[in-house]
Structure formats: C-alpha cells, structure tokens
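Working notes, structure below.
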Amino acid sequence: MSDRISTTHNIDALLAQARDAEAQGNLEAAVTAYNQALEVDDTHEGALVALSELRRDMGMFSDAERLLRHLQKHRPNTGTRHLAELFAHMGDVVQLSALQNLSSNDDATRETIAALLQNEHATSDARDAEDDTSPPRFQDSDLLLMADLFSGREGVHARQWSAPDGRTGYSPIQQPLNGHIIRQHLMGTATIGAYVIRRDNQVSFMAVDIDVSTTGMTDIANRQKHLENAKQLTLHMAELARRSGLAPLIEWSGYKGYHLWCFFDEPWPAHKARTLLKHIQQSAGALPAEVHIDLFPAQSHVKKGGLGNLIKLPLGLHLKSGLRSRLLHADGTHEAHPMSMLRDVQRTTQEQLDDLHARIKTNPSLSNDNDKGSASKASSTPRSTEDSDDPVHFSRAQLFSGDDYRIEDDAELAWIRSQCTVLHHLIENCESGDLLHQNEITVLTYTLGHLTHGPRIVNTLLARAGITGIPPLRNRLRGHPTSCAKIRHRLGIEPISVGCLCHFDPSLGAYAHPLLHISALRYREMAEQVGYAALDNNADAAQLLRMEEEIARLSKMSNALKLKLVRENLANATSDKPALDSQAPAPRDETPEA
C-alpha cells in the first residue's frame, strides 16, 4: 500500500512539474516531465492524455495518436473517446468513422463519436481543402493590400523569435511593413507583428484579442470548453460590432484564441477607437471563466520614444502550435480562400466612425476610458438591455420609419419561402409570434440578412416574434450565407423530416445554401423582362425555358422518390436491424514516449 501511495505521489508531482513548465512556455521541460511520469506508470491516463494534447497543440499529430492508441489498449472506451476528439480536431472523418463500429464501445463512447461525426459532416462543406500549415494562395497585389490594411507605426514592424527552451517574444525591426515582409509572414519563414499606433497617435485599424488564459489551457479536463467559450464570445462580439455598423474580420490565432479586426479608410484617433472597443466589450457582458480580452490600441497615445503595443498579423504560423491562423465566417466556419475575404474587407469611413463615436459618447458610462497601457476587463455583471437605452442602436420600429416597404411584397423573400421549407417554417413561427431560440435567430439573420432588403426583413420578422434585447440589423450582410448543412446542424433537424432535399447546380456556388435559390428567381425575372412572346420567337430561348421546366419537374420527382426510399430503408432497418461487427481491430502496441 505504501509503495502505491509513493508511486501516485511521484506521478502527481511530475504532472504538476509538467503543467508548470507548460504554463511558462518551456515545452521541452514539460515533455520530459510527462515522459518521466509515464516511466513510472505507462498506462497513467492523466499523463497520456496531457502529453497527447501537448503534442497535438504543437502540431505533432502522429505522436498524439500513438499515445492515445496506447491508452486505448489498456482503457478501450476512454482511449477511444480521446482518439475521437483528436481525429475531430484534425478533421479526419475517415479515422473518426472507423472508431464508430468498435465492439468495445459503450453507450457514452458511441454518443461521443456520433456527436463529433455530426459536427464534422455539418461543417465539412465549408472546411478549407488545405491543411493547417499550408500557406494561403496569394497574388502580389494581396501582399500590398495586407501591408496597407495592417499599417501601423511608420518605419518599423515586429518580428517574433523563439528560443530553444520554448520562450517566444518580439523584436522591433526598423523597416516599414512592405510586400516582401508580408510574403515572408505568409510563407512561414517569419512571424510578423504591427505596432498599432502611428506617430500622430492615430490608428488605421483596431482589434480585440480574445484568449484562453494559461491556467485555462493547462486545465486538461476543461480546456476544450474554455476554447469553445472563447470562440462563442468572439462570434458574439463580432455580431455586436456588425450591428453597430462596423465590418469585423474574424481570425483564429492558430493556438488558444481569436482576433477581431476592424479597418478604417483613413487613420483615426486612437482614443476614439478605444471608446468603440470598450463599448463593444461592455455590451458583450461578463467574460467566461479563464477567458480574457486585450484591446488594440491598448493606449490612447504613445510616449515619446516608445512604440506602444503590437499585435501579430493574421494568416501566419503560430510558433508554439505550428498551426496557421485562419479567417472565419460569421458562423465560425473556416474560409478556404482567405485572400478573397481580405479583398472584400470593408473599411469604415471617418464619417461613420465619428457618428458612431458621438452616439456612444452621449452615454458617459460607455466612454470611461482608463488608459493605463493595458485593456480593462469587462464588468462582472452583464449590462441589462431593460435598464439602459443604448444610443448606438435604434429600435426596429425607428430604423426604417417613414418607409412604405412591406416584406409581404418582397419578391426575393417570397421566392425563398416557396423553395426552402426550413426558412418558410421559421418565418411562419415569427409571423405567429412564436418564441424563437438563439439558433433560430442566428439562422434567420445569417441567411435572410444577405437579401437585397435583408436588414428590413430580419428586423421585421424578429419584431413580429417579439424578440427584444438584440440590436437590429443595420446593414445588409456580405460574404457567405450560412450553409444548408450548418442550418440543419444548428436546428437539430434531419433532411427527410422537413423535406430538405434541395439539389443545387454545382456551378452556382462552392457549397449549398438557401440563397442559391435566388439564381432561379433571377432567371425568371429575366424571362419576364424579355417577354414570353419574344422568347417563343427565339428557338434557343424557348428550348432553354422548356429544359428548365423539365429539370424542375424531374428534380421534384427525384426528391419524392428519395424520400420514399429513405423511409422504406428506415422501416426495414427498424424491423431487421443488422448486428454490428463484433471483431474490433486490435490496437497497435505502441510505446508511449513522444
């Protein structure tokens, strides 16, 4: 008994030593301590999982898998669940699917794998075809664009360094940010940062850095929860910024956090930018546990001889994880071609910024800027929309007052309702005054918000549903609408249950989303403008119309047949369910060292 207590004490001490080293950035020492713990007990779950996660975060996925295969050999269900989470992190659906039919799986393991697979399938249509380290495809003009977008302090930029003991930092390089330096950053030969504040104490952009704390990252049991909380906070703050009239760019840093970027068409005073950032931060409410925020610019002005704070540019490699930062859509999915997002970046004008700043300043509680050189933390108590009259946002009734627009007359909305059963159902719920949950609000906003009269449609529908406490949409959304797969995932529905069996021509877009139906509406409008009589006199046009009608008819028949076959298969499966393969592949006998 005493020997076992002594062994447990030794392992616990080594794990504590490893966590401390990891928190200090000394990854080599952390790996050594974890391996020493495994020398004492090579089946210790905590040591195997912790070392595997560290290797995963360093981009060493094969080592991470080898450690978890060893755990799976001794603790089948625990090891399988951790392997499933690793494969989901890697986006490896094939390996994840292979784990699903292991005969050793208990109910909890099956549920875990099923949930991970559902999430992978729901987001696969928007996932980047490149891996997490490949440089993005870019043109020379993109290099100049990035140098302009992220221009900060004149004549200098920051370059990140990494020491053999795992420590990292930045050194100022007395050279202006240019296309050559941006190329190095994108190719991964250097990691570059920008000093945000110019010599005249103005900024060309502002940013929010949302990170999981060091203690949160070393909390093995809750690390994924902390990372997800950071992501959800980022998406929430991006929506707040967007509804305030800004055009945020969302970035995953490549390791433990996210950045929000907002760009200006001309340099703007740093102290005003901080007022906007602090307003967005306070509007977001209390921070989740182990998540912290930094604002850039971090000061209103820089002292003579100083450079101020810096922020790492996006799309480079993270030196600790070895992964490349990624740009995200409003729903949190990765953009496969990030340069296209940068080319479409909207820069807020000085007039828009001044107007927004003036409206925030009318409420002094939102503009109390305490510049100590670091970002203040959010209030521990979320702001109540019932107790404050936020001047930045207008009521839905006021936003389009004096306008005779009616959504009942909107041709795009009527067409979408006739084609998409899911959106039609949500719109019916709004019109009947049914209470919507957050995922339904998100789906409506990030699909219908892209229509020509998107803000009017979204605001009217949410008002009819009695939604309060959410700022109205002020501008038509740009970028990519929420995909059909993501909508089904958010709403928790099966395609056959709602007749969601649409088939889109691949030439219409890279992924399926409800707004692709609008292309058919455009064709109909074109035909009406030309005139059916004229079309009848044009053999090609008439034939094209007949072909379109025949395609629509066959598509409808095909969907009905698919639905019938699926239902028959489900009925057969229920009456005669096949047994699972009882022969589980034997796990490889791997050594746990990494």
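In this note's numbering, each residue's number is its place in the sequence shown (first place is 1) plus 75.
Where a beta carbon is used, it is the ideal one built from N, C-alpha and C, also for glycine.
First and last residue of the uninterrupted alpha helix (DSSP H) at residue i
i      : result
Ile435 : 425–436
Gln494 : 486–494
Ser415 : 413–418
Ala112 : 102–115
Arg144 : 136–149
Arg563 : 559–566
Thr520 : 513–523
Val533 : 529–539
Gln214 : Taken as a continuous stretch (DSSP letters only), Gln214 belongs to no alpha helix (DSSP H), as it is neither H nor E.
Ile542 : Looking at the DSSP string, Ile542 is not in any alpha helix (DSSP H), and its letter there is neither H nor E.
Ile31  : Lying before the first or after the last residue shown, residue 31 is absent from the chain, which here runs from 76 to 669.
Option nearest residue i by Cα separation, candidates the options
i      : options                        : result
Gly227 : Lys561, Ala538, His528, Leu382 : Leu382
Leu123 : Arg150, Asn101, Ala104, Glu103 : Arg150
Ser178 : Pro342, Thr155, Phe280         : Thr155
Leu308 : Ile325, Thr264, Asn644         : Ile325
Leu488 : Asn504, His528, Glu128         : His528
Gln170 : Glu120, Glu140, Glu186         : Glu140
Ile355 : Ala313, Asn152, Leu526, Met262 : Ala313
His592 : Phe136, Leu510, Thr496, Ser288 : Thr496
Leu146 : Asp116, Ala163, Met135         : Asp116
Asn384 : Gly244, Thr423, Lys300, Arg492 : Gly244
Asp419 : Gly554, Gly391, Pro530, Asp340 : Gly554
Trp236 : Arg212, Ser216, Thr266, Asp430 : Thr266
Gly397 : Pro210, Met632, His588, Leu590 : Pro210
Leu566 : His500, Ala112, Ser400, His334 : His500
Gln250 : Gly230, Gln425, Ile256, His260 : Gly230
Ala125 : Arg94, Ser137, Met135          : Arg94
His164 : Gly329, Leu219, Ser319         : Gly329
Ile482 : Leu402, Val533, Gly508, Ala105 : Val533
Val271 : Leu526, Leu224, Val366, Thr293 : Leu224
Thr289 : Thr557, His260, Glu97          : Glu97
Ile516 : Glu120, Ala183, Ala190, His311 : His311
Leu390 : Ala108, Ala411, Asn180, Pro547 : Ala411
Arg539 : Arg563, Ile562, Glu506, Pro547 : Glu506
Ala373 : Thr118, Asn634, Thr350, Met135 : Thr350
Lys561 : Glu120, Arg549, Asp406, His393 : Asp406
Ile568 : Arg549, Asn152, Leu536, Leu498 : Leu498
Residues that residue i bridges to, as DSSP identifies them
i      : result
His280 : The question names His, but residue 280 in the sequence shown is Phe. Beta-bridge pairing links Phe280 to Phe338.
Gln367 : What sits at residue 367 in the sequence shown is His, not Gln. Bridge partners of His367: Asp286.
Asp269 : The question names Asp, but residue 269 is Ala in the sequence shown. Ile386, per the DSSP bridge assignment.
Gln357 : Beta-bridge pairing links Gln357 to no other residue.
His409 : Leu403
His232 : Ile248
Ser237 : Thr243
Arg422 : Phe338
Leu392 : Arg399
Enclosing beta strand (DSSP E) for residue i [first to last residue]
i      : result
Pro247 : 243–248
Distance between beta carbons of residue j and residue i, contact taken as under 8 Å
i      : j      : result
Leu158 : Gln175 : Not quite, the Cβ-Cβ distance comes to about 11 Å (not below 8 Å), so this is no contact.
Gln421 : Ala322 : 4 Å
Ala305 : Gly332 : 6 Å
Lys353 : Leu370 : 7 Å
Ala296 : Trp336 : Actually they are not in contact, since the Cβ atoms of Ala296 and Trp336 sit about 32 Å apart, beyond 8 Å.
Arg234 : Ser246 : 6 Å
Met221 : Leu417 : 7 Å
Tyr521 : Leu552 : 7 Å
Ser319 : Leu431 : 6 Å
Arg399 : His409 : Contact flag wrong, Cβ pair sits at about 11 Å.
His525 : Leu590 : 6 Å
Phe162 : Met414 : With 8 Å as the limit, Phe162 and Met414 do not qualify as a contact, their Cβ atoms being about 29 Å apart.
Leu218 : Gly268 : Not really, about 17 Å apart at Cβ, beyond 8 Å.
Leu403 : Ser358 : So it is not a contact: roughly 20 Å between Cβ atoms.
Arg273 : Pro342 : 6 Å
Mind listing, in chain order, the continuous alpha helix (DSSP H) runs of no fewer than 4 residues lying wholly within the segment 289–344?
-> Within the segment 289–344, the complete alpha helix (DSSP H) runs of at least 4 residues are 289–293, 298–318.
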